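Asks: Residues -13 to 249 (the numbering used here) are what the sequence shown spells out, left to right.
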Amino acid sequence: MNTQSKLTILGTCSGTEPMPGRHHTSFTLLHDQRLYWFDAGESCSYTAHLSGIDMPATEAIFISHTHMDHIGGLPNLLWTLRKLATVSEDAKRRLANREIRLLIPDMDVFEGLMAVMRGTEGGFQPVFDLVPALVTDGIIYEQHGLRVQARHNFHLGPSAPFKSYSFRIEAGPKTIVYSGDVKSIQDIDGLIDGADLLLMETGHHKVDQVCQYLKDSDESFDKLVFLHHGRAILADPARELATAQSILGDKVQIADDGMELHL
Ligand SMILES: [Zn+2]
-13 MNTQSKLTIL GTCSGTEPMP GRHHTSFTLL HDQRLYWFDA GESCSYTAHL
37 SGIDMPATEA IFISHTHMDH IGGLPNLLWT LRKLATVSED AKRRLANREI
87 RLLIPDMDVF EGLMAVMRGT EGGFQPVFDL VPALVTDGII YEQHGLRVQA
137 RHNFHLGPSA PFKSYSFRIE AGPKTIVYSG DVKSIQDIDG LIDGADLLLM
187 ETGHHKVDQV CQYLKDSDES FDKLVFLHHG RAILADPARE LATAQSILGD
237 KVQIADDGME LHL
């Protein structure tokens, strides 16, 4: 088994109006030749396919919550997988009769999505089986050397049923924590410790406050990459990076669309 993983950030923007050079939030993780998607903001499959990402290797799609900046590209991702199987014999062979799991924290939204898909070509009958499952607290995926733990956060309210989640992803020996959207950085307390990579949103938070909180925290991590950018980073990423690095040093980076991270 090849234990090295490649993470590709497809979109780095929070839920703003269209921004030059940045799309809404999505990233892929290629682990042991299988492809996993985390959130599916606008254009994610367009960007992935044209970047040479091996889309027929798709194994599962994880959605943190169903706001548009995290699912706007989901129908098109499913449609593109179907399309690839109609234009490529190789894609068809690799996708046929295989399960692709969609983990989503709101089944009403999934049903609505399926209604949209049934209105597309051929009633959306792909060669693969799309298998939905509800995201809940705990281990939501454990296969092929990838383990994903979900934990609810308070982005969409303080009480159950929770419909917004953060993820701790163990890919072989490496651990990635993805905040999703959080009400406060405290939402992911206890999830971070030992992470090789922390992907933290800044759509709802100030960079200096997040960095100071993490610096003062008992939890350790090797690297912090900001994504899901809010207005401050969108306006002046160099200024915000300098602020972040003045607190956490060079372990912090600000993601751009297309950034690749090798773990
Ligand atoms: Zn968002």
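We treat Cβ as the ideally placed atom computed from N, Cα and C, and that holds for glycine. Treat the numbers as computed from the prediction; the structure is a model and nothing was measured.
#1: Near Glu97, what residues of its chain come up, given a Cβ to Cβ distance below 6 Å and the 5 sequence neighbours on each side ignored?
#2: Looking only at its chain, what residues have a beta carbon closer than 6 Å to the beta carbon of Ala230, apart from the 5 residues adjacent to it on each side?
#3: Mind reading off the beta-carbon distance from Arg80 to Ala46? Whole number of angstroms is fine, and I expect it under 8 Å.
#4: Measuring CB atoms only, is the stretch 157 to 172 touching the stretch 46 to 59, in the sense that at least three cross pairs come out at less than 8 Å?
#5: With Phe110 as the anchor, note down where its alpha helix (DSSP H) starts and where it stops.
#6: Would you identify the three-state DSSP class for Phe140, choosing helix, strand or coil?
#7: Under three-state DSSP, which class holds Gln231?
#8: Work out the CA separation of Ala218 and Gly1 for me, nearest whole Å.
#9: Could you spell out the range, first to last residue, of the alpha helix (DSSP H) harbouring Gly27?
#10: List the whole-angstrom C-beta distance separating Val121 from Ile155, where the pair is believed to meet the contact cut-off of C-beta under 8 Å.
#11: Please work out which residues of its chain come closer than 7 Å, Cβ to Cβ, to Asp242, disregarding the five sequence neighbours upstream and downstream, and give them in chain order.
#12: To the nearest angstrom, how far is the alpha carbon of Thr66 from that of His35?
#13: Are the stretch 170 to 183 and the stretch 196 to 210 touching, with three or more C-beta to C-beta distances below 8 Å?
#14: Please tell me whether, using a cut-off of 7 Å, the distance from the CB of Thr188 to the nearest non-hydrogen atom of ligand 1 is below it.
Replies: Reading off the structure:
#1: If we look at Glu97 and ignore the five residues flanking it on each side, it has no Cβ neighbours.
#2: Closer than 6 Å at the Cβ level, and outside the excluded window around Ala230, lie Val193, Cys197, Val238.
#3: So it is not a contact: roughly 15 Å between Cβ atoms.
#4: Result yes; three or more Cβ-Cβ pairs closer than 8 Å.
#5: In the DSSP assignment, Phe110 falls outside any alpha helix (DSSP H), carrying neither H nor E.
#6: Here Phe140 sits in coil by DSSP.
#7: Secondary structure of Gln231 (DSSP, three-state): helix.
#8: Straight-line Cα distance between these residues: approximately 14 Å.
#9: Under the DSSP assignment, Gly27 falls outside any alpha helix (DSSP H); it carries neither an H nor an E label.
#10: 13 Å between Cβ atoms; not a contact.
#11: The answer, listed in chain order, is Thr(-2).
#12: Separation of Thr66 and His35 (C-alpha to C-alpha, rounded to the nearest whole angstrom) is 9 Å.
#13: Touching, yes, given that three or more Cβ pairs across the two stretches are closer than 8 Å.
#14: The answer is no for Thr188.
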